[in-house]
Each structure stands twice: as structure tokens, then as C-alpha cells.
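Okay, so here's the structure we're looking at.
Residue numbers (mature numbering (1 follows the signal peptide of the UniProt record, and there is no 0)): -18 to -1, 1 to 276.
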């Protein structure tokens, strides 16, 4: 009887906790650059040149995100920065980088949907799709992240067509066999169409570390589906690591789906971005031909 009463008390307490609790987790996201994968040009860069390029890209490669969550929903967004580059304009390059970087992402586990807010060339979009469910494999390994004991899980994840963090230079294994003229034509093609030199893998291995101390199946970005909050994720050259957790903060954020913008699917949004990229390439080629005639 005592055991029955104890379990009833535990279940009741857990139910109340699940209904009322809210948390805030801070994540540091870092994407590294592999200059050697750029081929001969990358390998010929000096240490100082690599350092300068990495510093210029730092605002896109290193970010801080905040995940506000409850038992069934969450919103994941970049920490506000007064001097954040690429906001309020900045030309084609900034708009393109913004299309690769995640905007505020809302996950509703009950409804099974992910809604992401994006702005591209001054137009607002709401990308709405079903949550991608990963087939997690429990690895049996543990490690400590801060004060939390974490468990390891891995999964294969399909890569989005515009996932900047997964892009890598296309390897041309037969470059040594090409003539000088063929190499020249390749250089012209790369200048006119930079994306012709980029590969995006169909899927990548994701490694996650989650804690049972916070028993919700939430995580940063689009990651979810484990029996505890995901505190660390590694996918290709990007690592997202939780640096701070605040349970039941004094000032709670409203966790609700963004509602401003044209509603599109991920595929429709990618098609819009790719079409704009094609327009810009054609414009660039036209200007190049004009300068050549002059």
C-alpha cells in the first residue's frame, strides 16, 4: 500500500510539473572551415590568410541561440545583437547568407509541425513543414555536460538543399589530367556559377547528447525526439553546445508560432531562393559580357 501511494504521488507530481514548467537553454553554434577541401587554392593559403577569412566569416560561423521550451512546444532563435551583420539590408551576399542561416524555429510536438520565420530580399516567409523524425540509435555512452549526465545517440539526417553548414567544395579527381585550356574553362564556369563547384551530401551523421534530468524530447533547431533535452549536437562541421539552462525563469517567454509572412513549404522556399540566385547569376554574366566588349 505504501509503495502504491508513493508511485501515485510521483505520477501526480510529474503531471503537475509537465503541465506548468518552462525552461530556457542557451546554445553556442560553431561551424568550422576545412580549407584543405578547397583543393590546391585552399591548401596554398597561408596561416594568416586562413585566419583572416575565418575572422570575416565568424559572424556566420559562430552564433548564440536561445531555446525556450515547455513540455510540448519550443521556439529556437538567435540571440539578439545590436550590431548583427546582414540585418536591415546588406546586399545580395547578406541576403543569401541569411537564407542559409535558420530564422526563429517553432516546434509543436503535439501537432508534429515545424514553422520557421525567414526574410529574403525584404519579403517575409513562414516555412511550414512536418517535423522530420530521425531514427535515433542509442549508443550506450555517457558524458558530463555541465552538471548534467548525458547519453549519446546517433542518426542519419537528410540534408536540406540549402543547408550552408553541410556545403563542401566539389572534388575534381581528374584535375591533373586536364589541359590548361580545360582548367581555364573550369575557372570561368566557377566564376559565373559558384554553386557548380559545391557539393551537398544527401545525408549526414548526427551525434546528439541528451539528459534525462530534463525529461522532454526537445532540442536545438530541428533536432528532437529523444527521451531528454538535447544538450549537444554535432552534424558534419557544425557543433551546437548548450552552455546554460534556466528552469522556470522569472520572466517567461511566450512560446507560440510566428504568424507573419507568406506560408510556404521548405521545398517552395528553396525554389524561390534558387530562382533568385539564377537571376543574379544571369545579371552577373550580362555585366561580365558587357565589360568584355568594352
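Ideal Cβ positions, reconstructed from N, Cα and C, are used throughout, including at glycine.
Opening and closing residue of the beta strand (DSSP E) in which residue i lies
| i | result |
| --- | --- |
| residue 50 | 44 to 51 |
| residue 55 | 55 to 60 |
| residue 101 | 95 to 102 |
| residue 122 | 119 to 127 |
| residue 244 | 244 to 246 |
| residue 206 | Where residue 206 is concerned, there is no enclosing beta strand (DSSP E), given that its DSSP letter is neither H nor E. |
| residue 108 | 105 to 112 |
| residue 89 | 87 to 90 |
| residue 184 | That residue, residue 184, is in no beta strand (DSSP E); it is neither H nor E in DSSP. |
| residue 10 | 5 to 13 |
Residue environment, residue i, which counts as buried when at least 16 other CB atoms sit within 10 Å
| i | result |
| --- | --- |
| residue 100 | buried |
| residue 11 | buried |
| residue 225 | exposed |
| residue 87 | buried |
| residue 262 | exposed |
| residue 243 | buried |
| residue 232 | exposed |
| residue 161 | exposed |
| residue 56 | buried |
| residue 115 | exposed |
| residue 14 | exposed |
| residue 128 | exposed |
| residue 203 | buried |
| residue 29 | exposed |
| residue 139 | buried |
| residue 210 | buried |
| residue 187 | exposed |
| residue 91 | buried |
| residue 89 | buried |
| residue 255 | buried |
| residue 131 | exposed |
| residue 45 | buried |
Cβ separation of residue i and residue j, assumed to be a contact under 8 Å, to the nearest whole Å
| i | j | result |
| --- | --- | --- |
| residue 200 | residue 191 | With 8 Å as the limit, residue 200 and residue 191 do not qualify as a contact, their Cβ atoms being about 14 Å apart. |
| residue 223 | residue 193 | Not confirmed; about 13 Å, so no contact. |
| residue 135 | residue 119 | 6 Å |
| residue 7 | residue 227 | 5 Å |
| residue 230 | residue 31 | In fact, because the Cβ distance is near 48 Å, the residues do not count as touching under 8 Å. |
| residue 85 | residue 93 | With a Cβ gap of about 19 Å, residue 85 and residue 93 do not count as contacting. |
| residue 184 | residue 215 | Wrong, their Cβ atoms sit about 19 Å apart, outside the cutoff. |
| residue 33 | residue 47 | 25 Å between Cβ atoms; not a contact. |
| residue 258 | residue 103 | 7 Å |
| residue 137 | residue 123 | Contact doesn't hold; Cβ gap of about 15 Å is too wide. |
DSSP-derived helix/strand/coil call for residue i
| i | result |
| --- | --- |
| residue 236 | coil |
| residue 220 | strand |
| residue 137 | strand |
| residue 29 | helix |
| residue 263 | helix |
| residue 253 | helix |
| residue 258 | helix |
| residue 35 | helix |
| residue 196 | coil |
| residue 161 | coil |
| residue 116 | coil |
Heavy atom of the ligand SAH within 7 Å of residue i beta-carbon
| i | result |
| --- | --- |
| residue 219 | Annotation note on the ligand SAH: not contained in the displayed structure, which lists no ligands. |
Minimum Cβ-Cβ distance from residue i to chain C less than 8 Å
| i | result |
| --- | --- |
| residue 246 | Structure shown: chain C not included; a single protein chain is present. |
Pair every Cβ in the segment 105 to 114 with every Cβ in the segment 239 to 257, then say whether three or more of these pairs are closer than 8 Å.
Touching, per the Cβ criterion.
Counting pairs of beta carbons, one from the segment 50 to 64 and one from the segment 226 to 243, are three or more of them closer than 8 Å?
With a cut-off of 8 Å, the segment 226 to 243 and the segment 50 to 64 count as touching, because enough Cβ pairs lie within range.
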